[in-house]
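Accompanying notes for the structure given below.
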Amino acid sequence: MLKILPALLIAASLAVPAALPARAATSTLTFGDRTIVEAVKRLEPSVVHIRVKPREEAGLGIFGPGQKKGGPFRDFEDLGSGQYSVGSGIVIGEEGYILTNHHVIKDGKEVLVKLHSGEELAASIAGVDEKSDLALLKVTHTAPLKAAILGNSDRVEVGEWVLAVGSPFGLSRSVSVGVISALHRNLGEGPYDDYLQTDASINPGNSGGPLANSQGEVIGINTAIFSKGRQPASLGLGFAIPINQAKAVIDDLRHKGYPVRGRMGASLTAVPPEEAKKLGLPFQRGAKLAEVVRGGPADAAGLQRGDVIVSFGGLEVITWESLSRMVARARPGNAVEVKYYRGGELKAARIKIGASPEAPVLVKANSKDPLGMKIEPITPALAQRFGLKENQGIVITAVHRDGPAQMGGVAVGDQIVEVNHRPVRTLDDFRALAGKPGKEGVVLLLLKRKGTNIFAALRAQ
């Protein structure tokens, strides 16, 4: 899979043919002792090789400007008939639960997991968290599997030795070593970006595999790399999802199939430099409330548009993105103290955290919906949920499993800009135009996804 990100940042799990046979890691780095070797021995039995067979093209697909159909905005490259894309995963429960990236298995027709023993098993998808790019798989095995030890990513320091284990270019159980280069990297991929950066070699096929410390404890999930040109390869700039971020949703994925996140009921933005200086805030710290949803948790606590939150649950708010992550981690129903500035005066309030509507992205098909998707008017709450800049128009909030929209590459959070080359602003606009399909019964959509316009051609069912 290839993700188009600023400055050619690409997903490390670019779908690659599983052409080469797996072979054992041969790393003998010791740094004067056997620390790394012992860490690999502890970790490697819990690392799995994942093969995913893409769904067959069932529609006309989705494509962006200047790209061939099925290009970078597809979840799988064209691999040819019968070929598989590959990735990595981590056993986190002896009963058969495996953690990986969502983009590794997204839209897969068949997911196969090869264990450390060499046995390959069919896996089911227990749950997905598209916003955090995480997925939980489940395999059935006669004997308990060896679960990895999950560390504490909040204690990770820059300069700390780390190792990555996975299946780069299909070479399973490969080991690379490096250090933590930076913390809290925001790649502009979603509302919960908070990556660990490492110079350990990470390549296509590593996605979903572990980034571990020198004790063999998993501290991150390898997810993306920075690369120049069209051919992805490691340049020493790899990014991993902190394991604590994954821990926050694992139980939800296991028991519900989707994450349950906290919600404050407000849109956030950065504090302008002049206002930060006036309030005595260093480096524009804090998060400003751009909108407060009427009747939401923030509104009920007395917060207003323009308030600047500087503390949440006793933790300092550095940026509006950090506050968004804090709120998401808070459990619905809990009361959290916030400190904020209003009119130059520091105040405090207690917010009863609400639940974010993170229902499954894929829902059962509705016979009354021939395109297989749910569309809603954009509200401030939906704009915050999907990271949209606009507060008007219409957005896709659910995609039906195996429906035309899913098979055509449409994603939750896509804004609909045009239908059959005609602009749409409301649900009535959409219904009027979508009800008049073009040649061969095809409805052509112009969508906006993360600031980029793309087309999707759907055939109503």
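What the sequence shown shows, in mature numbering (1 follows the signal peptide of the UniProt record, and there is no 0), is residues -24 to -1, 1 to 437, in sequence order. The beta-carbon is built from N, C-alpha and C at its ideal position, and this holds for glycine as well. Since the model is a prediction, treat every value here as computed from it, not as a measurement.
Whose C-beta lies closer than 8 Å to the C-beta of residue i among residues of the same chain, with five residues either side of it excluded?
i      : result
Ala324 : Glu313, Val314, Lys315, Tyr316
Ala311 : Arg326, Ile327, Lys328, Ile329
Arg401 : Gln368, Gly369, Ile370
Gly72  : Lys114, Val115, Thr116, His117, Leu121
Glu366 : Ile354, Ala359, Gln391
Here's the rule I'm using: 16 or more other beta-carbon atoms within 10 Å means buried, otherwise exposed. How should residue i be labelled?
i           : result
His243      : Residue identity differs from the one stated: residue 243 is Ser in this sequence, not His. With 16 or more Cβ atoms within 10 Å of its Cβ, Ser243 is classed as buried.
Leu403      : exposed
Lys90       : buried
Gln368      : exposed
Arg149      : buried
Lys82       : buried
His79       : buried
Thr76       : buried
Val134      : exposed
Ala98       : exposed
Gly164      : exposed
Lys107      : buried
Thr428      : exposed
Ala432      : buried
Pro144      : buried
Ala277      : buried
Lys44       : Low confidence applies here, because Lys44 scores a pLDDT of 36, under 50, leaving its location unreliable; read the following figure in that light. Lys44 comes out exposed.
residue 441 : Residue 441 lies beyond the residue range present for the chain, which begins at -24 and ends at 437; the question has no answer from this structure.
Ala119      : exposed
Gly385      : buried
Arg398      : exposed
Give every residue of the same chain whose Cβ lies closer than 7 Å to the Cβ of residue i, excluding the five residues on either side of it in the sequence, and list them in chain order.
i      : result
Asp275 : Gly241, Val268, Val269
Leu299 : Leu244, Ala263, Ile285, Phe288, Val293
Arg301 : Tyr168, Asp170
Pro249 : Gln260
Ala124 : Leu19, Ser22, Ile66, Val67, Ile68, Pro186, Val194
Ala436 : Pro346, Leu347, Pro380, Pro413, Gly417, Val419
Asp51  : Note on Asp51: pLDDT 31, under 50, position unreliable in the model; no value is reported.
Glu136 : Val155, Ile156, Asn189
Arg230 : Tyr73, Ala102, Gly103, Leu112
Could you say which of the options lies nearest to residue i if we only look at CA atoms?
i           : options                        : result
Pro167      : Val303, Gly309, Val393         : Val303
His117      : Asn189, Gln280, Ser100         : Ser100
Gly127      : Glu251, Leu172, Glu71, Asn189  : Asn189
Gln191      : Gly63, Thr11, Gly282           : Thr11
Lys264      : Asp130, Phe362, Asp283, Ala216 : Asp283
Gly142      : His92, Ser287, Val293          : His92
Gly272      : Ala331, Val155, Thr76          : Ala331
Asn220      : Leu172, Pro258, Glu250         : Leu172
residue 457 : Lys253, Ala266, Gln59          : Residue 457 lies beyond the stretch modelled for the chain, which goes from -24 to 437, so this question has no answer here.
Leu179      : Glu193, Thr199, Lys85, Gly164  : According to the sequence as given, residue 179 is Asn; it is not Leu. Closest option to Asn179, Cα to Cα, is Thr199.
Val151      : Leu159, Ala158, Gly164, Gly181 : Gly181
Leu364      : Ala381, Arg425, Glu251, Pro258 : Arg425
Arg161      : Ala119, Leu213, Gly154, Phe145 : Leu213
Glu321      : Leu255, Ile372, Ala381         : Leu255
Ser129      : Ile74, Phe145, Glu193          : Glu193
Thr295      : Gly309, Pro258, Arg307, Ile156 : Pro258
Val395      : Ala381, Ala410, Val386, His231 : Ala410
Arg407      : Lys350, Gly238, Ala224         : Lys350
Ile354      : Gly384, Val388, His376, Met383 : Val388
Asp390      : Val247, Arg318, Glu352, Arg398 : Glu352
Pro308      : His376, Ile372, Ala224         : Ala224
Ile226      : Leu112, Arg281, Glu366, Glu251 : Leu112
Gly63       : Lys17, Glu96, Gly146           : Gly146
Glu297      : Gln360, Ala222, Glu251         : Gln360
Thr373      : Phe362, His397, Ser203         : Phe362
Val16       : Ile430, Val153, Leu434, Glu70  : Val153
Roughly how far, in whole angstroms, is the beta-carbon of residue i from the beta-carbon of residue j, given that I think they are within contact range, below 8 Å?
i           : j      : result
Leu423      : Val393 : 7 Å
Val138      : Ala176 : 6 Å
Ile201      : Leu110 : Not a contact, Cβ separation roughly 18 Å.
Ile26       : Val87  : 7 Å
Ile195      : Gly184 : Contact flag wrong, Cβ pair sits at about 15 Å.
Ala140      : Leu211 : Going by Cβ atoms, the distance from Ala140 to Leu211 rounds to 14 Å, so no, they are not a contact pair.
residue 502 : Ala306 : Residue 502 lies beyond the residue range present for the chain, which begins at -24 and ends at 437; the question has no answer from this structure.
What residues in its chain sit with their C-beta under 6 Å from that of residue i, if we drop five residues either side in the sequence?
i           : result
Lys29       : Tyr60, Lys85, Glu86
Gly65       : Val24, Ile26, Ile74, Thr76, Gly184
Gly290      : none
residue 457 : The structure shown does not extend to residue 457, since the chain spans only -24 to 437, so no value can be given for it.
Ala252      : Gln260
residue 463 : Lying before the first or after the last residue shown, residue 463 is absent from the chain, which here runs from -24 to 437.
task: Could you pull out every unbroken alpha helix (DSSP H) segment of at least 4 residues lying fully inside the region 390 to 437, listed in chain order?
output: 403 to 410
Beta strand (DSSP E) runs contained entirely in the region 89 to 135, provided each spans 3 or more residues: 96 to 98, 100 to 105, 110 to 114
task: Would you mind listing the alpha helix (DSSP H) stretches within the region 241 to 286 that are 4+ residues and don't spill past its ends, in chain order?
output: 249 to 255, 273 to 276
- request: Could you pull out every unbroken beta strand (DSSP E) segment of at least 3 residues lying fully inside the region 304 to 371, listed in chain order?
  value: 311 to 318, 321 to 328, 349 to 353
- request: Write down every uninterrupted run of the beta strand (DSSP E) in the region 142 to 214 whose length is 3 residues or greater and which is fully enclosed by it, in chain order.
  value: 150 to 161, 171 to 174, 186 to 189, 194 to 202
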